[in-house]
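As they're listed, the protein sequences go chains G and E. Per my numbering, numbering through the first sequence is continuous, rising by one, with the last residue being 632. Per my numbering, numbering through the second sequence is continuous, rising by one, with the last residue being 1138. All C-beta atoms, glycine included, are put in the ideal place defined by N, C-alpha and C.
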Amino acid sequence: MALVLNEEQVMLRDAAAGFLAESAGVAQLRALRDDASERGFSDEVWQQIAEMGWAGIAIPEAFGGLGYGYAGLGLVLEQVGRNLSPSPLQSTVLVAATAISELGTDAQKENLLPEIAAGTLLASLALQEGNHHAPENIAMTAQASDTGYTLNGSKTLVLDAGAAQQFVVIARTAGNPGDQQGLSAFLVPADAEGVTVERRSMVDSLNSGSVHFNQVAVDADALMGEAGAALSGLSRTLDIANIGLASELLGLSSAAFEKTVTYLTERKQFGRVIGSFQGLQHRAAELYAELELARSIVLQALQAIDADSDKLPVLASAAKAKLCEVAQRATNEGIQMHGGVGMTDEFDIGFYIKRARVAQHTFGDYNYHLDRYALLNGF
Amino acid sequence: MSDLEQFRQDTRSWLEANCPASMRTPVRGFEDFYVGGRNPEIDHPDQKVWCDRMAERGWTVPHWPKEYGGGGLDKDELKILRQEMAAIGARRPLDSFGISMLGPALLEFGNEEQKKEHLPPICRGEIRWCQGYSEPNAGSDLASLATRADDHGDHYIINGQKIWTSYADKADWIFCLVRTDNSGSKHEGISFVLFDMEQAGVTVKPIKLISGSSPFCETFFDDVRAEKKNLVGDEGNGWTIAKYLLTHEREMISGFGTAAGVSLGEKAAVEFGQDTAGRMANPILRQNIAQYQLDTQAFGATLARIADETKAGQGLGAASSIFKYYGTELNKRRNELNLSVFGESGLGWEGEAYDDGQISRDWLRSKGNSIEGGTSEVQLNVIAKRVLGLPDA
């Protein structure tokens, strides 16, 4: 497949760029933070996003979506990254809808995907335990009971934890932490008895939190797919999620870089704009080159999802690792080149570095994915 | 049957009948490239046979117009020819600066007479060209070149010195930047002329590099003659052509970094051993190799993306300015990692045990990649100013 955007995709990108800059930019994120918003995003903006169809952008038309594929969702997420737009696009559309598609039964897909596409259902993946992404180390248990399963355990970094109505929960029906087998996925309503949501305040000011499951009883039909065999569908879900986050980081890094270059052409010291100094010019030019590489690997990875390529795992880790590296550099250079004002809350660049680190960490950071990339390449 | 399908069948049977078996074996090194010229270097007699047969059909340069010795193939036909050649492992019949550099410049800037005179011998591999650009005091600051061309009516008399002239000792003709006027700014008064190297007053001295090879020369001109009919473009307009050609050269050099083969990581895993999970034993080297490999993959994707964008009519984007810089820096990284992976066996210089120092000589040669054709620092200046719009100091 050619590594270019078609006309339909260019229109989608431009529409997303216009809407998000206007209605869900850094100013809105700042206001939500300052108001200590419980939900972390604006419901009104979310309704508008849903009306434009973006909640169902990667969901097949048979389930009420637009069927634009992940290449389409990636373009929207890139604009989300550029504007730091707070919305359930990551938690619900990128991750939970994908998990339901990859792991769910036909009945579960028919029930839930049209609701997600319509923007009426918010859902989130409850995966991580402890401080680091390590899916095979999951300890949370799901014990078989007479009517279904009983869940016990705690999850962290659950995106939009406070707003989600459904959780896709990964727990162990067999084996011990470290075992690849024995992982199962369950659909658990947020209002089920024994579920406690703990809103946490992270540096990116988005709405993630911890979810505790204490003797939560679910019916047998809450199980997604086959018991103990969730790893493969989960892996594919995480590959797609990481490519989506890489798209977001691409937009975020590009915007941080552009803001920085603009600042270099405005700020004067020693009687001239600081962008005329070669020491800064070369660092900016190197960063530009890295951003071009980042754009290419993200596009290739997005296309690999839609093409059902067997290179998906290696491309997912390549894209996430590369974008972690580039986002870290773009935001660090952004602060440094802004000088003192880059350290102030008043300037937007600080919002970019904060969101970058959380997005980098989510579902595996640079170290995790470079290690996986090497393993998948045979060393 | 469609015309293209017919073309494919004809091409396949012609190649089958005409490509010598020895020219269907993989290229091992530079000696397997055929460059042609008045006194061609011939490693295998079939090289010339293959080149002559292909040249007769215009297929040494299949996309150039027929009237200048090319094949006149359109995009689809060219693709088919390449596919059919690849299918039998046929080597390219001819590689030369005439094809990769002078030809495109003449097609763009030359007059009809110049195209008719110089392009067909390039296609037939009869004349080998070299490029006279850099001078001892005009490297990164190429436009300050001083080699002088004095007007003598129907010809110029040229005096001065060039340096880093690739294969000048083997070339028949030179395309050369000379100064025809000193009165304006340094970018004005430069002209692009062609002349025969086989004449009194031309002296060529190969330069021995740290790698032991001598691909470059010092070239001296002492009252050397160039006919005015071989002035390409207008007098004083040579800088435009020079810049055009530099773009070609930089694209060529940037390709050095994408050399494939067994991955460095897999080779290193064998060399150092692996744990049960499959991780190679030295975690520091492993990380360095993984970073290199990831960047190489992303760079390859970028070359493909820009090519696709160009094909889709979106124009050669600003991104192409990174090719030369990034490709050569990657190649240097790869060569340094090679030394780490091969250890002692990568530090040999001569002898069979060391493959005559292939690894160390390639490593040393790679240092020049980020200097020749515009240093990395000059490339970064170009990106900063032309792409990012940052002002001059």
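Inter-residue spacing [alpha-carbon to alpha-carbon] between R1024/E and V772/E
33 Å
- Item | Presumed contact (8 Å Cβ cut-off) between L887/E and A538/G, rounded CB distance | With 8 Å as the limit, L887/E and A538/G do not qualify as a contact, their Cβ atoms being about 20 Å apart.
**Prompt:** CA-CA distance, R753/E and G1058/E?
**Reply:** Looking at the two C-alpha atoms, the distance is approximately 27 Å.
Item checked: Interface flag, T518/G vs chain E, CB-CB below 8 Å -> For T518/G, the nearest CB of chain E lies under 8 Å from its own CB, placing it at the interface with that chain.
Check: Does the Cβ-Cβ distance between A547/G and S506/G come in under 8 Å?
Finding: yes
>> Checking the sheet assignment: what are the DSSP bridge partners for K521/G?
In response: V526/G
Could you compute how far the alpha carbon of E786/E sits from the alpha carbon of Y779/E? 7 Å
- Sequence-distant residues of the same chain with beta carbon closer than 6 Å to Y1092/E, five excluded per side: With the sequence shown as reference, residue 1092/E is identified as Leu, and Tyr is not the correct amino acid for it. Cβ within range, chain order: S1105.
Note down, in chain order, each residue of its chain lying with its Cβ closer than 7 Å to the Cβ of Q300/G, except the 5 sequence neighbours on either side. Contacts found: G372.
### Message
Can you look up A424/G in the DSSP assignment and give me helix, strand or coil?
### Response
strand
Among N364/G, L378/G and A269/G, nearest to G335/G - alpha-carbon criterion:
Gly is not the amino acid found at residue 335/G; the sequence shown has Arg there. Comparing Cα-Cα distances from R335/G to each of N364/G, L378/G and A269/G, the minimum goes to A269/G.
Going by the CB atoms, is the gap between G814/E and R873/E shorter than 8 Å? For the 8 Å CB-CB criterion, R873/E and G814/E do not form a contact.
Q. R1031/E touches chain G at which residues, Cβ-Cβ below 9 Å?
A. D624, A627 and F632
Alpha carbon to alpha carbon, how far is D432/G from S845/E? 57 Å
- Would you report the Cα separation of Q1038/E and V567/G, rounded to the nearest angstrom? 12 Å
In terms of residue numbering, what span does the alpha helix (DSSP H) encompassing T394/G cover? Unbroken run through T394/G is the beta strand (DSSP E), T394 to A397; no alpha helix (DSSP H).
Through-space distance from N1114/E to E1074/E, alpha-carbon basis: 8 Å
**Asked** Helix or strand or just coil, what does DSSP make of D968/E?
**Response** strand
Nonlocal neighbours in the same chain, by C-beta distance under 6 Å from G983/E, ignoring five residues either side: L922, I935, S936 and F937
Examine chain G for any beta-carbon lying closer than 8 Å to the beta-carbon of V1086/E, and answer yes or no. no
Three-state class that DSSP yields for G1002/E in the structure shown: Note that G1002/E scores 47 on pLDDT, short of 50, meaning its location in the model is unreliable; the coordinates nonetheless yield the value given after this. Helix, per DSSP.
**Request:** Taking H863/E as part of the alpha helix (DSSP H), name the residues at either end of that continuous run.
**Result:** E857 to C868
Chain E beta carbons: is any one of them nearer than 8 Å to that of V514/G? yes
* Please decide whether Y1070/E counts as near chain G, where near means a Cβ-Cβ distance under 8 Å. => yes
For H900/E, which beta-bridge partners are listed by DSSP? E972/E
Open item on the list: Please list, in chain order, the chain G residues whose beta carbon lies closer than 8 Å to that of V1132/E.
Closed with: A538 and Y541
request  = Check whether the stretch 570 to 578 of chain G touches the stretch 481 to 497 of chain G, counting contact only when three or more Cβ pairs, one atom from each stretch, lie closer than 8 Å.
outcome  = Output reads yes: the stretch 481 to 497 of chain G touches the stretch 570 to 578 of chain G.
Quiz item: Under 8 Å, do T925/E and E980/E count as touching if we go by C-beta distance?
Solution: In contact: T925/E and E980/E (Cβ atoms closer than 8 Å).
Item to complete: Kindly list, in the order they appear in chain C, the residues whose Cβ is closer than 7 Å to that of D1137/E.
Response: Of the protein chains in the structure, G and E, none is chain C.
Residue from I833/E, A766/E and T805/E whose Cα sits closest to the Cα of R757/E
I833/E
| said: Output needed for S767/E: all residues of its chain with C-beta closer than 6 Å, excluding positions within five of it in sequence on either side, in chain order. | reply: H789 and D791
Return the Cβ separation of I310/G and I369/G in integer angstroms, given the expectation that the two are a contact with Cβ distance under 8 Å.
11 Å between Cβ atoms; not a contact.
In whole angstroms, what separates the C-alpha of P1136/E from that of S1066/E? Computed Cα separation, rounded: 17 Å.
Tell me which residues share the same chain as Y693/G and place their Cβ nearer than 6 Å to its Cβ, disregarding the 5 neighbours each side in the sequence. Because chain G here runs from 254 to 632, residue 693/G falls outside it and cannot be looked at.
G877/E and K907/E closer than 8 Å at C-beta | Yes, Cβ-Cβ distance for G877/E and K907/E is below 8 Å.
Practice task
Go ahead and label E382/G buried or exposed: buried means 16 or more other beta carbons lie within 10 angstroms of its beta carbon, across all protein chains shown.
Solution key: With 16 or more other Cβ atoms within 10 Å, it is buried.
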